[in-house]
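Protein chains: 2
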Amino acid sequence: MKKGRVTIKDIARELNIAPSTVSRALNDHPAIKKETKDAVKALAEALDYQPNLLALNLLQKKSNTIGVIVPEITGHFFSAIITGIQDVIVDSEYNIMICLSNESYEEELTIVKRLSKIQIDGVLVAPSSETKNFDHFRRLQKSGIPVVVFDRDCPGLEADKVLVDDYFGAFQAVDYLIGTGCKNIAHLGGPLNLSTTEQRLQGYLDALEKNEIPLKKDHIVHVPGFSHKDAVKATKRLLELPERPDAIFAYNDKIAISAMHIAKKAGLQIPEEVSVIGFDDEPHSSFITPSLSTVWQPVYGMGMLSARILLSHLKNQNTALDFRKEVFKPELVIRASSREK
Amino acid sequence: MKKGRVTIKDIARELNIAPSTVSRALNDHPAIKKETKDAVKALAEALDYQPNLLALNLLQKKSNTIGVIVPEITGHFFSAIITGIQDVIVDSEYNIMICLSNESYEEELTIVKRLSKIQIDGVLVAPSSETKNFDHFRRLQKSGIPVVVFDRDCPGLEADKVLVDDYFGAFQAVDYLIGTGCKNIAHLGGPLNLSTTEQRLQGYLDALEKNEIPLKKDHIVHVPGFSHKDAVKATKRLLELPERPDAIFAYNDKIAISAMHIAKKAGLQIPEEVSVIGFDDEPHSSFITPSLSTVWQPVYGMGMLSARILLSHLKNQNTALDFRKEVFKPELVIRASSREK
DNA sequence: TTGTAGGCGTTATCAG
DNA sequence: CTGATAACGCCTACAA
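Protein chains in written order, with the working numbering: chain A, 361 to 701; chain B, 361 to 701.
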């Protein structure tokens with residue numbers, strides 16, 4: 361009785377052949393007699409032989425694992441993206457290691473170092489909201505590890521990117537609000553420094569300009585973090601303005617919902633007195649009262665595409681510099697928190 | 361110029377010493393002269409030497425990775441648990457591999473096989489709602505891999521368990537409803553076969569019995585899956601009953617919110633005509649209208665404790681059979697979807 | 001205090 | 001068609 365798992369050596373000894381023959385038989389090497397191949401496979405089956413992937417990893421100098429770095433997973437957005445990634449990767453030989461940066465640049469750095477240590481084969485990343493410097497990703501690329509950026513762009517970083525046309529979504533939303541007669545549209549922006557924040561703000565600005573609505577600077581308030589408290593504070597500031605906004609375009613549903621909560625508490629009718637439009641179309645956004653108008657993003661599809669792009673690099677040893685940039689179109693979803701046109 | 365990363369051999373050659381000496385120096389072996397130790401460490405630093413964990417894995421026959429199996433992550437519940445797990449594990453030498461079973465027994469089996477193949481060191485698992493047979497977990501245990509079960513119990517499986525007293529939470533909720541004058545309390549149960557479904561149902565039943573309220577069998581409807589559609593269908597069945605319920609205790613917030621949605625659509629006042637209490641206390645449950653009464657669970661803490669228990673096993677090589685069973689107490693959170701006492 | 005040799009499990013290369 | 005050997009990078013007896 362041998363201890364531990366069976367190895368090809370065990371099978372070889374049993375069959376009085378060389379380990380290398382066993383290895384070839386198991387791998388369907390063309391130059392192996394059918395008989396021996398069958399014999400080996402039969403015994404392997406009988407002994408419940410499991411190849412030792414750890415040994416393979418060492419030999420091939422790769423971990424057969426890809427890393428996924430996201431800021432958090434408690435919201436629906438990144439969870440859905442990850443589900444999309446997962447659904448693609450499970451059909452490959454790769455394993456996924458999900459890492460949470462908690463929106464912290466420091467933690468993101470630590471994660472990258474860790475992934476690099478375990479010889480990760482590829483990385484999918486949505487950078488933290490603090491991340492301004494992308495050298496850690498460049499270091500990965502230099503050591504031959506393909507990096508695919510999703511959702512949040514890394515300006516200046518040459519890599520594959522799977523993004524959403526946030527500008528377009530924001531423009532549509534604000535343009536719609538204007539179409540319903542809103543004149544004083546405020547923007548609850550996301551954390552500064554995020555590409556998505558930037559893009560959505562720009563969409564807001566351009567929609568105003570296109571409709572010749574003068575911009576009021578104090579109608580733009582950036583929510584520093586993703587907590588309810590931050591959103592509440594920002595909303596209160598808006599509602600206490602002398603010229604109270606008659607509409608709010610929020611960076612995302614979470615903030616929009618907090619804003620609606622505060623507005624309702626202040627006795628304001630939604631959408632009669634204040635219209636609200638969010639971004640993301642989280643599943644529960646249609647269940648709140650009034651149901652939230654928002655901008656839908658193809659989260660699941662983004663996850664799948666990101667994973668597919670990474671896999672193709674991994675397969676083709678594609679060191680080529682032909683980075684892909686895929687931009688999904690979001691869609692405006694009108695519900696009850698905004699007025700009719 | 362050598363290609364690839366630096367190894368201890370490179371350092372050894374450079375310093376004209378044996379690789380084993382380098383290894384020992386790097387690991388602070390006591391029997392190494394301070395001078396050589398310093399020299400080695402200095403050169404290692406200079407050359408940016410990174411130990412090859414893949415080689416270590418093979419040597420130690422372990423992957424330094426623990427697997428986390430959950431049914432899904434798009435809801436808040438498991439995401440929050442995972443965040444708790446992650447926050448504990450990052451401080452250890454282990455990596456986490458998160459795997460989604462999609463509530464499927466088949467996929468769970470596949471995952472377990474995969475984890476076993478990559479020589480996972482330990483497993484944290486919340487079984488799928490389809491899983492009735494736990495032999496795959498037993499197989500892991502037999503091969504020396506500690507298994508910690510969380511949230512959903514595996515009856516009959518001897519393993520560490522981190523659970524919530526679902527019975528207690530359900531009992532409290534229903535008892536409260538009765539205290540507010542509800543006489544016809546229905547239960548929207550979870551998928552059959554889940555320990556949590558079972559426990560919450562039992563709490564419901566016992567609360568009725570304690571208050572001497574006769575049970576009406578058709579007031580119990582089990583929602584087969586976790587989709588909105590399933591919940592809607594189940595709710596409609598309840599509301600069309602000749603003796604319409606004046607309260608609904610739902611398996612979780614998701615179902616409760618769907619139910620409220622339907623009830624409101626049907627023109628029913630909540631909580632005046634129908635009280636609703638959910639389970640889980642998802643973050644957005646306080647933002648819907650009316651805000652949802654529910655049962656809070658210490659999700660983050662459960663994640664942390666589960667991870668700590670697993671780590672302690674890993675550290676102590678604890679093959680011992682002293683399995684821990686930790687049961688957290690949930691807390692009733694009363695909001696606006698239920699009446700005052 | 002340090003060097004040598006062997007092995008972890010697998011595959012690839014080169015013989016035979 | 002198959003066998004022996006070396007190698008992946010590191011560690012750990014055993015020797016010196």
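Note that the Cβ used here is the ideal one computed from N, Cα and C, for glycine as well.
Computed from a predicted model, the values in this text were never measured in an experiment.
Closest by C-alpha distance to residue i, when choosing among the options
i	options	result
Ile456/B	Glu468/B, Asp640/B and Thr443/B	Thr443/B
Gly427/B	Lys477/B, Pro390/B, Leu413/B and Asp451/B	Lys477/B
Ala667/B	Arg684/B, Thr396/B, Asp641/B and Pro631/B	Arg684/B
Glu558/A	Ala623/A, Ile608/A, Asn417/A and Pro515/A	Pro515/A
Ser672/A	Val659/A, Tyr536/A and Tyr454/A	Tyr454/A
Arg474/B	Ser489/B, Glu463/B and Leu500/B	Leu500/B
Gly504/A	Leu674/A, Leu537/A and Leu692/A	Leu674/A
Ile630/A	Lys614/A, Pro605/A and Asn612/A	Pro605/A
Val599/A	Leu575/A, Ser618/A, His389/A and Ala626/A	The question names Val, but residue 599/A in the sequence shown is Leu. Nearest C-alpha to Leu599/A: Ala626/A.
Val655/A	Ser380/A, Tyr536/A, Asp520/A and Leu575/A	Tyr536/A
Lys593/B	Val581/B, Asp526/B and Glu603/B	Val581/B
Lys701/A	Ala546/A, Cys542/A and Ile480/A	Cys542/A
Leu554/B	Asp511/B, His588/B, Leu565/B and Lys570/B	Asp511/B
Val522/B	Ile441/B, Thr595/B and Pro431/B	Ile441/B
Asn544/B	Phe528/B, Leu565/B, Tyr527/B and Asp525/B	Leu565/B
Lys689/B	Gly661/B, Asn676/B and Arg695/B	Gly661/B
Met620/A	Asn571/A, Leu386/A, Ala406/A and Ser653/A	Ser653/A
Ala546/A	Pro379/A, Ala607/A, Leu386/A and Met664/A	Ala607/A
Asp790/B	Glu632/B, Leu469/B, Asn571/B and Asp520/B	No answer is possible for residue 790/B: the residues shown for chain B start at 361 and end at 701.
Cutoff 8 Å: residue i Cβ touching any chain A Cβ
i	result
Lys401/B	no
Gln629/B	no
Lys477/B	yes
Asn612/B	no
His673/B	no
His582/B	no
Gln657/B	no
Under 9 Å by beta carbon: chain B residues contacting residue i
i	result
Met457/A	Thr425, Asn455, Ile456, Met457 and Ile458
Contact list for residue i against chain B, beta-carbon separation under 7 Å
i	result
Phe647/A	Ile617, His621 and Ile648
Ser439/A	Ile433, Thr434 and Ser439
Gln446/A	Leu460
Whole-number beta carbon distance between residue j and residue i, since they are thought to touch under 8 Å
i	j	result
Ala530/A	Gly482/A	31 Å between Cβ atoms; not a contact.
Ile371/A	Val400/A	6 Å
Leu484/A	Leu670/A	6 Å
Thr491/A	Ser635/A	About 33 Å; that fails the 8 Å criterion.
Leu548/B	Ala610/B	4 Å
Asp640/B	Asp613/B	5 Å
Lys421/B	Leu418/A	Not confirmed; about 12 Å, so no contact.
Ile433/B	Ser439/A	5 Å
Gln410/B	Arg365/B	6 Å
Interface residues of chain A facing residue i [CB-CB closer than 7 Å]
i	result
Ile442/B	Ile433
Ser698/B	In chain order: nothing, as chain A lies at least about 17 Å away.
Extent of the continuous beta strand (DSSP E) to which residue i belongs
i	result
Glu569/A	Here Glu569/A belongs to no beta strand (DSSP E); instead the alpha helix (DSSP H) covers Ser555 to Lys570.
Ser439/A	Run containing Ser439/A: none in the beta strand (DSSP E); it sits in the alpha helix (DSSP H), His436 to Ile449.
Val485/B	Gly482 to Val485
Asn462/A	Counting along the chain, Asn462/A falls outside any beta strand (DSSP E), and DSSP gives it neither H nor E.
Thr654/B	Thr654 to Trp656
Proximity test, Cβ basis, 8 Å: residue i and chain B
i	result
Leu670/A	no
Lys421/A	yes
His644/A	yes
Contact set between residue i and chain B, taken where Cβ atoms lie within less than 8 Å
i	result
Gln410/A	Ser476 and Lys477
Asn387/A	What Asn387/A touches in chain B: nothing, since even the nearest Cβ is about 16 Å away.
Leu517/A	Near Leu517/A there are no residues of chain B at all, since even the closest Cβ is about 22 Å away, more than 8 Å.
Interface partners of residue i on chain A, CB under 8 Å
i	result
Ser666/B	By Cβ distance, chain A contributes nothing, its closest Cβ being about 16 Å from Ser666/B, past 8 Å.
Leu334/B	In the structure as shown, chain B begins at 361 and stops at 701. Residue 334/B is therefore absent and cannot be evaluated.
Span of the alpha helix (DSSP H), counted from its first residue to its last, around residue i
i	result
Asp370/A	Ile368 to Leu375
Lys624/A	Asp613 to Lys625
Gly638/A	It is not in any alpha helix (DSSP H) - Gly638/A carries neither H nor E in the DSSP assignment.
Gly529/A	Asp526 to Gly539
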